[in-house]
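Numbering (this note's numbering), first residue to last: 130 to 687.
Note that beta-carbon positions come from the ideal geometry of N, C-alpha and C, so glycine has one too.
Down below is the structure, laid out as structure tokens.
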Ligand code: SF4
């Protein structure tokens, strides 16, 4: 086992026996086997653009398979066995079509070179055989034949493409598809098969991935706003009520709406967990009186928070951990999320809502949640809500009442060092705005930040997927202030990275040529010292320091 694709890699180096996330060695090998197989599929998909041979289903399959490998999404060996099998079958089908179409068009056979990933065949579909082969084709194998720095950047590209796959699936759930994203997934995976890529080649692909990731976030944000209404500044209750409830975690707003529709008037309350807190701000959700509160905090608190909830828990898009006995009989997954033996709610049939009746029946027999948190916290500063502040913020910047905008975005995690984000947010001077997306905000979301000229100093734009909202807001500010470039704004980014979608945030900022981005609480383990030096030289990208030093440095624009 060799996995270092998230912030919690053991000792910030690599998980080599079992994952800190709970990923077992066999699942790690199966994921390596899946990536190997997807590269083979991508090889033909990327060759066939001019022949238009890639089907809609193959594009969607690629995105779903990539999403399944994002940290904390899917831990079930049988699911990976099925995905590997499907990848090979789809590859064989498109390979045959490609080879015959190529010959017809060119009058000669395709000579290649054809990489082994595009040729391998299995003898049998079995967990054991895929696991055994997977153990020989992982990260370490590529590192034997590639320059170390190129390999590091290519791994970063593969992880970012997993993040892009997850965004494409989120978009698909709400009826949006973008062929440019699918094409890039094929191109990027196929690109990593070459042994001749230079650092510059890979960096160009990474920048393109950042651009597409940002575009995918923007599409999702627009589609969600169109369907569920523009998020409105909202105070979310954090306490618990006296009826039984269902706790929903993850990002999928359609799942939440389906659940609310099926529980309205049933006597079952709905609570959000983790990044789902942002759902309270959407007008379409507000009309359901049984969407009562947010329960608990960020994803990593589930092992202590879920036992106290007492009712069923539905995990929609990611962040599942090994369930404890105290709640495993109340835990359900849906979408790409899966844990062995945790019941899975099937996808909705076309024109129908997802069927949550099983969960609702269980909720009716459950106790009300044990009180855990209390008070209120604000969210809902989406595109429209932030737009309403643009003129005021621009004026406050001009007259020096706002000296700096600090963006603290990203995903929370278990590292003790993450208390840095609480201390940093609370130590920032009163002439700063703090804008957030993702669940790192739980580290300081109940702090009283006050206001500057009626502008709340703490503005939560929503889920990590809503990162594009912040960029959009900054672009409006740039226009009003008449600045020639976005990075001339008094804004600093502090990205709390955890998994592959946060890598996309970082790449999006590099694509926009932002400098002085901080990545914490630790730097990605897959970057070599040379790559970190290159990113430092080119973008002044850096890790976090002490809170005191960082406040001083941030306020100086560094
Ligand atoms: S996803 Fe993260 S925690 Fe899990 S095995 Fe990989 S590096 Fe370790």
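Please return the same chain residues whose Cβ sits closer than 8 Å to the Cβ of residue i, not counting the five positions on each side in sequence.
i           : result
residue 486 : 391
residue 500 : 368, 369
residue 162 : 209, 213, 259, 260, 262, 263, 266
residue 519 : 602, 605, 606, 609
residue 676 : 549, 552, 553, 556
residue 296 : 310, 342, 345, 346, 349, 594, 630, 633
residue 363 : 409, 410, 415, 507, 508, 509
residue 155 : 206, 256, 260
residue 389 : 399, 414, 417, 419, 420
Roughly how far, in whole angstroms, is the beta-carbon of residue i from the beta-carbon of residue j, given that I think they are within contact range, below 8 Å?
i           : j           : result
residue 359 : residue 464 : The Cβ separation is near 25 Å, so there is no contact.
residue 190 : residue 208 : That belief does not hold up - the Cβ atoms of residue 190 and residue 208 are roughly 13 Å apart, past 8 Å.
residue 483 : residue 387 : 5 Å
residue 365 : residue 422 : 7 Å
residue 684 : residue 539 : Not quite, the Cβ-Cβ distance comes to about 21 Å (not below 8 Å), so this is no contact.
residue 310 : residue 333 : At roughly 17 Å, the Cβ-Cβ gap does not stay under 8 Å, so residue 310 and residue 333 are not in contact.
residue 217 : residue 251 : 6 Å
I need the straight-line Cα distance from residue i to residue j, nearest angstrom please.
i           : j           : result
residue 557 : residue 576 : 12 Å
residue 655 : residue 308 : 29 Å
residue 322 : residue 440 : 48 Å
residue 664 : residue 330 : 15 Å
residue 253 : residue 648 : 44 Å
residue 290 : residue 371 : 44 Å
residue 645 : residue 477 : 44 Å
residue 174 : residue 249 : 16 Å
residue 496 : residue 373 : 5 Å
residue 302 : residue 605 : 29 Å
residue 408 : residue 641 : 28 Å
residue 681 : residue 564 : 18 Å
residue 397 : residue 438 : 13 Å
residue 151 : residue 272 : 25 Å
residue 300 : residue 352 : 8 Å
residue 279 : residue 613 : 34 Å
residue 659 : residue 298 : 34 Å
residue 201 : residue 447 : 6 Å
residue 522 : residue 673 : 27 Å
residue 384 : residue 632 : 26 Å
residue 625 : residue 651 : 9 Å
residue 616 : residue 643 : 5 Å
residue 456 : residue 433 : 10 Å
residue 274 : residue 324 : 8 Å
residue 542 : residue 488 : 28 Å
residue 572 : residue 403 : 12 Å
residue 442 : residue 435 : 7 Å
residue 628 : residue 312 : 23 Å
Among all the DSSP beta bridges, which residues are the ones paired with residue i?
i           : result
residue 567 : 539
residue 530 : Residue 530 is not bridged to any residue.
residue 644 : Paired residue(s): none; residue 644 is not in a bridge.
residue 276 : Bridge partners of residue 276: none, in fact.
residue 205 : Answer is none; residue 205 lacks a bridge partner.
residue 584 : 581
residue 402 : 378
residue 462 : 444, 473
residue 624 : 538, 648
residue 365 : 506
So is residue i buried or exposed if we call it buried at 16+ other beta carbons inside 10 Å?
i           : result
residue 533 : buried
residue 238 : exposed
residue 678 : exposed
residue 136 : buried
residue 292 : buried
residue 166 : buried
residue 232 : exposed
residue 653 : buried
residue 317 : buried
Who are the Cβ neighbours of residue i in its own chain at under 6 Å, not counting the five residues just before and after it?
i           : result
residue 284 : 655
residue 670 : 646, 664
residue 222 : none
residue 343 : 597, 637
residue 601 : 512
residue 319 : 171, 172, 175
residue 431 : 450
residue 134 : 288
residue 547 : 650
Counting only the same chain and skipping the five closest in sequence on each side, list residues whose C-beta sits under 7 Å from that of residue i.
i           : result
residue 393 : 417, 419
residue 427 : 403, 541, 568, 571
residue 234 : none
residue 582 : 521, 525, 530
Please check if any C-beta of chain D sits within less than 7 Å of the C-beta of residue i.
i           : result
residue 214 : Considering every chain present, this structure includes no chain D. It has just one protein chain.
Item to check | Residues near the ligand COA, criterion Cβ-heavy atom distance below 6 Å | outcome: Summarising the ligand content, the structure contains the ligand SF4 and does not contain the ligand COA.
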